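Peer 1:
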Amino acid sequence: MHIPDGCLCPYTCLTCFAIAFPLWFTASKKSSKLLKEKYFQMLAAIGAAFSFSIMMFNVPIPGGTTGHAIGAALLSIIFGPWVSSILVTIALLSQALLFGDGGITTFAANSLIIAFIPSFTGYYIFKLLNKNKSDNLFKQSILAGLSGYFSIFLASLIAGIILGIQPIISHDNSGKALYFFYPLSVSVPAMVSEHLSLFCWVEMIITSIIYGLLNFNLLNNFFPCHREVQTRSCPENKGS
Amino acid sequence: MKSINKIFFLLAVLILFSPVGILLPKIFNAGSAWGEWEIKEINNLIGYIPAGITRLSEIWHPPFPDYNFANNINNNLFNESFAYIFSGYIGALTCILLTFLWLKIAELSFKN
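In the order they appear, the protein sequences are chains A and B. Residue 200 in the working numbering sits at position 200 of the first sequence, and the numbers go up by one each step. Quick note: to get the working numbering, add 1000 to the position in the second sequence (first position is 1).
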């Protein structure tokens, strides 16, 4: 969910910006070291465009709400979590500025929840699951998919919490909410259940399919470069 | 650079299929994303519109609200799909340009 303007009170927005600025700074510093060659810069740019594009494919819960994959876990497996966080943040920036998908005041919150949390969660879960560096591509693709699955779960939990505390911390004298209006008891189950039941699966399927395609030997000649990006950004991937 | 061209081509094809993202919700009768309701929908849900939402929702007027053209009447699925694909290409191009801009700024800032 891209949090729109008006759903978070100014204190929350400012706190998120205060947390996000040093993270954006650190991510930029690390990324500039990693992406020195034009070729890898172009790949990263396409990665951002890919994340943006995959977010256009809305998947419905019949009779209910819609959601979409992010691609953060996939990008963080290829580029590492810091680069991936910024690439998804760039996609979010395009969405907020051009299409009003996600607010301007809530941009830092969205960046933390949709870009940073899934990137880091996905990356470290993949590292954990793939500790034995399995040679089996099918197994690796499933592991990549699982890291995609869990990356979204944690993000949805945090999103539910940040929305659910709004009625508590900002309401007028008659008790009416000033910003987001559903309490934790509604927002957390709503966010987590819809993501666990469908959107996590969508992310998992897309992550595992594309990871598999990128690593499939025949298609490796199609995209020989990503392997090198992987080894550069995640040195422990050498030999996988 | 042939590999990059292939990736560009695949991305372009992917965006061409993006109207699936507006078609599927219509077929399965699904609404907007949870929490991303419009002002009228909020009024229907809780009976009032929180003051902060009224105030802050006007803070930014995007050129293509909701991936559609600003004065487009959404009745026509074909128009909406065209606008969606167009938005997809514009957005993807913006992402690529912003990435290079960001990398340039980062390169200049962290010159060591």
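Each residue gets a CB set at the ideal place from its N, CA and C atoms; glycine is no exception. None of the values given here were measured: they were computed from a predicted structure.
Within 10 angstroms of the Cβ of Phe-241(A), are there 16 or more other Cβ atoms? Answer buried if so, exposed if not.
Peer 2: No information on residue 241(A) is available, as it lies outside the stretch 1 to 240 that chain A covers here.
Peer 1: Which of the residues in the segment 1065-1088 of chain B, read from start to end, lie with their CB under 8 Å from any CB of chain A?
Peer 2: The residues in question are Pro-1065, Asp-1066, Tyr-1067, Tyr-1084, Ser-1087 and Gly-1088.
Peer 1: Taking Leu-16(A) as part of the alpha helix (DSSP H), name the residues at either end of that continuous run.
Peer 2: For the sequence presented, residue 16(A) should be read as Cys rather than Leu. Cys-16(A) -> alpha helix (DSSP H) spans 10-34.
Peer 1: By how many angstroms is the C-alpha of His-68(A) removed from the C-alpha of Leu-1024(B)?
Peer 2: Whole-angstrom Cα-Cα distance: 12 Å.
Peer 1: Can you tell me whether His-195(A) is helix, strand or coil according to DSSP?
Peer 2: Helix, per DSSP.
Peer 1: Quick one: is Glu-203(A) near chain B, going by C-beta distance under 8 Å?
Peer 2: It does not; no Cβ of chain B falls within 8 Å.
Peer 1: Any beta-carbon of chain B closer than 8 Å to the one on Ala-73(A)?
Peer 2: No, its Cβ sits nowhere closer than 8 Å to a Cβ of chain B.
Peer 1: For Ser-94(A), report the span of its alpha helix (DSSP H) as first-last.
Peer 2: Looking at the DSSP string, the run of the alpha helix (DSSP H) that includes Ser-94(A) is 81-99.
Peer 1: Establish whether the CB of Ile-46(A) and some CB of chain B are separated by less than 8 Å.
Peer 2: Yes, Ile-46(A) lies at the interface with chain B (some Cβ there is under 8 Å from its Cβ).
Peer 1: Pop quiz: Gly-71(A) and Ile-206(A) are said to be a contact at Cβ under 8 Å. What is the actual Cβ separation, rounded to whole angstroms?
Peer 2: That belief holds up - the Cβ atoms of Gly-71(A) and Ile-206(A) are roughly 7 Å apart, short of 8 Å.
Peer 1: According to the Cβ coordinates, are Phe-120(A) and Leu-23(A) closer than 8 Å?
Peer 2: No, Cβ-Cβ distance for Phe-120(A) and Leu-23(A) is not below 8 Å.
Peer 1: List, in chain order, every chain B residue whose beta-carbon is nearer than 8 Å to that of Thr-248(A).
Peer 2: No information on residue 248(A) is available, as it lies outside the stretch 1 to 240 that chain A covers here.
Peer 1: With a threshold of 8 Å between beta-carbons, can Val-1013(B) be considered close to chain A, or not?
Peer 2: No, Val-1013(B) lies away from the interface with chain A (no Cβ there is under 8 Å from its Cβ).
Peer 1: Between the beta-carbon of Glu-1036(B) and the beta-carbon of Pro-4(A), is there less than 8 Å?
Peer 2: Yes, the Cβ-Cβ distance between Glu-1036(B) and Pro-4(A) is below 8 Å.
Peer 1: Give me the Cα-Cα distance between Phe-199(A) and Val-186(A), rounded to the nearest whole angstrom.
Peer 2: Answer to the nearest angstrom: the Cα atoms are 18 Å apart.
Peer 1: Helix or strand or just coil, what does DSSP make of Ala-177(A)?
Peer 2: DSSP places Ala-177(A) in strand when its eight states are reduced to three.
Peer 1: Is there a C-beta anywhere in chain A that falls below 8 Å from the one on Leu-1016(B)?
Peer 2: For Leu-1016(B), the answer is no, since every Cβ of chain A falls outside 8 Å of its Cβ.
Peer 1: Within 8 Å (strictly less), CB to CB, does Asn-1029(B) reach chain A?
Peer 2: Asn-1029(B) counts as touching chain A.
Peer 1: Is the Cβ of Glu-1041(B) closer than 8 Å to any Cβ of chain A?
Peer 2: Answer no: the Cβ-Cβ gap between Glu-1041(B) and chain A never drops below 8 Å.
Peer 1: Buried or exposed, going by whether 16 or more other CB atoms sit within 10 Å of the CB of Asp-172(A)?
Peer 2: Flag for Asp-172(A) reads exposed.
Peer 1: Going by DSSP in three states, Pro-60(A) sits in which element: helix, strand or coil?
Peer 2: Of the three classes helix, strand and coil, the one that applies to Pro-60(A) here is strand, per DSSP.
Peer 1: Using beta carbons (cut-off 8 Å, strictly below), is Phe-1100(B) in contact with chain A?
Peer 2: Cβ-Cβ to chain A under 8 Å: yes for Phe-1100(B).
Peer 1: With a threshold of 7 Å on Cβ separation, who are the neighbours of Leu-1016(B) within its own chain once the five nearest residues in sequence on each side are excluded?
Peer 2: Cβ neighbours of Leu-1016(B) beyond the five flanking positions: Ile-1085.
Peer 1: Taking only beta-carbon atoms, is Phe-1110(B) less than 8 Å away from chain A?
Peer 2: It does; some Cβ of chain A falls within 8 Å.
Peer 1: Whose C-beta lies closer than 6 Å to the C-beta of Gly-47(A) among residues of the same chain, with five residues either side of it excluded?
Peer 2: Answer for Gly-47(A): Leu-75 and Leu-87, listed in chain order.
Peer 1: Measuring CB atoms only, is the segment 40-55 of chain A touching the segment 180-195 of chain A, in the sense that at least three cross pairs come out at less than 8 Å?
Peer 2: The segment 40-55 of chain A is not in contact with the segment 180-195 of chain A.
Peer 1: Less than 8 Å between the beta carbons of Ser-1018(B) and Met-1(A), yes or no?
Peer 2: No; because the gap between Cβ atoms is not below 8 Å, this pair is not in contact.
Peer 1: Between the alpha carbons of Thr-106(A) and Leu-154(A), how many angstroms are there, rounded?
Peer 2: Their Cα atoms are separated by approximately 19 Å.
Peer 1: Going by beta-carbon coordinates alone, are Gly-160(A) and Met-191(A) separated by less than 8 Å?
Peer 2: Yes; because the gap between Cβ atoms is below 8 Å, this pair is in contact.
Peer 1: Would you say Phe-180(A) and Leu-8(A) are within 8 Å of each other, going by their C-beta atoms?
Peer 2: Yes; because the gap between Cβ atoms is below 8 Å, this pair is in contact.
Peer 1: Using the Cβ count rule (16 or more neighbours within 10 Å means buried), how would you classify Pro-235(A)?
Peer 2: Per-residue confidence for Pro-235(A) stands at a pLDDT of 49, beneath the threshold of 50, marking its modelled position as unreliable; the derived number appears in the next sentence. Classification for Pro-235(A): exposed.
Peer 1: State whether the segment 162-177 of chain A contacts the segment 1042-1055 of chain B, with contact taken as three or more CB pairs (one from each stretch) at a distance under 8 Å.
Peer 2: Short answer: they touch.
Peer 1: Tell whether a beta-carbon distance below 8 Å holds between Pro-118(A) and Ala-1030(B).
Peer 2: No, the Cβ-Cβ distance between Pro-118(A) and Ala-1030(B) is not below 8 Å.
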